[in-house]
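Colleague:
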Amino acid sequence: MDNITQHKSFLWHLDFEPFTWHTFYGEQCPPFVTEENKEAWRRYLTKVIKKHLKEEVMNTPEFRDIELQIREEKLLRIKWDEKRKRSMEKQRYRAKMERPRINYIPKG
Numbered sequence: 563m564d565n566i567t568q569h570k571s572f573l574w575h576l577d578f579e580p581f582t583w584h585t586f587y588g589e590q591c592p593p594f595v596t597e598e599n600k601e602a603w604r605r606y607l608t609k610v611i612k613k614h615l616k617e618e619v620m621n622t623p624e625f626r627d628i629e630l631q632i633r634e635e636k637l638l639r640i641k642w643d644e645k646r647k648r649s650m651e652k653q654r655y656r657a658k659m660e661r662p663r664i665n666y667i668p669k670g
């Protein structure tokens, strides 16, 4: 068997959805994006994104700042997860200690 490392590829998709109270993803468009021109905006932004979706962009300071921000957010998330885990362990320990432990029931 060959030990070939597979490269994971990703897809990206740009679409405009009507804003409803059930919508839970995406950012709201400015008011000038309307039903009539949303397709034009989608095509234009797809074209602009394709221009910027290049390896050279990864060397720009703006991209590196965003990468650093994401790394910091991940570390913060790990820190909070560990803190929550320790808190849950303390809570379980205290709940266990509060229960009366009766190993035997005396007769009579």
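Each residue of the sequence shown is one higher than the last, beginning at 563 in the working numbering.
For every residue, glycine included, the Cβ atom is placed at its ideal position computed from N, Cα and C.
1) Report all residues from its chain with a CB closer than 8 angstroms to the CB of Asp-577; omit the five preceding and five following residues, and keep chain order.
2) Determine whether the beta carbon atoms of Phe-581 and Gln-568 lie at a separation below 8 angstroms.
3) DSSP three-state label for Leu-637, please.
4) Taking the C-alpha atoms as reference points, what is the distance between His-614 and Leu-630?
5) To the nearest angstrom, how far is it from the Cα of Lys-616 to the Cα of Lys-641?
6) Which first and last residues belong to the alpha helix (DSSP H) in which Leu-615 is found?
7) Rounded to whole angstroms, what is the Cα-Cα separation between Tyr-587 and Arg-656?
Modeller: From the atom records:
1) In the sequence shown, counting from the first residue as 1, residue 577 sits at position 15. If we look at Asp-577 and ignore the five residues flanking it on each side, its Cβ neighbours are Arg-604.
2) The count along the sequence shown starts at 1 and reaches residue 581 at position 19. The count along the sequence shown starts at 1 and reaches residue 568 at position 6. Here Phe-581 is not near Gln-568, since their CB atoms are 8 angstroms or more apart.
3) Position 75 of the sequence shown, counted from the start, is the residue given in the question as residue 637. The three-state reading of DSSP puts Leu-637 in helix, counting H, G and I together.
4) If you number the sequence shown from 1, residue 614 lands on position 52. If you number the sequence shown from 1, residue 630 lands on position 68. Distance from the CA atom of His-614 to the CA atom of Leu-630, rounded to whole angstroms, is 19 angstroms.
5) Translated into the one-based positions of the sequence shown, residue 616 becomes position 54. Translated into the one-based positions of the sequence shown, residue 641 becomes position 79. Lys-616 and Lys-641 have their C-alpha atoms some 33 angstroms from each other.
6) As a position in the sequence shown, residue 615 is number 53, starting the count at 1. Annotation: Leu-615 is outside any alpha helix (DSSP H) and is labelled neither H nor E by DSSP.
7) As a position in the sequence shown, residue 587 is number 25, starting the count at 1. As a position in the sequence shown, residue 656 is number 94, starting the count at 1. Here the alpha carbon of Tyr-587 sits roughly 39 angstroms from the alpha carbon of Arg-656.
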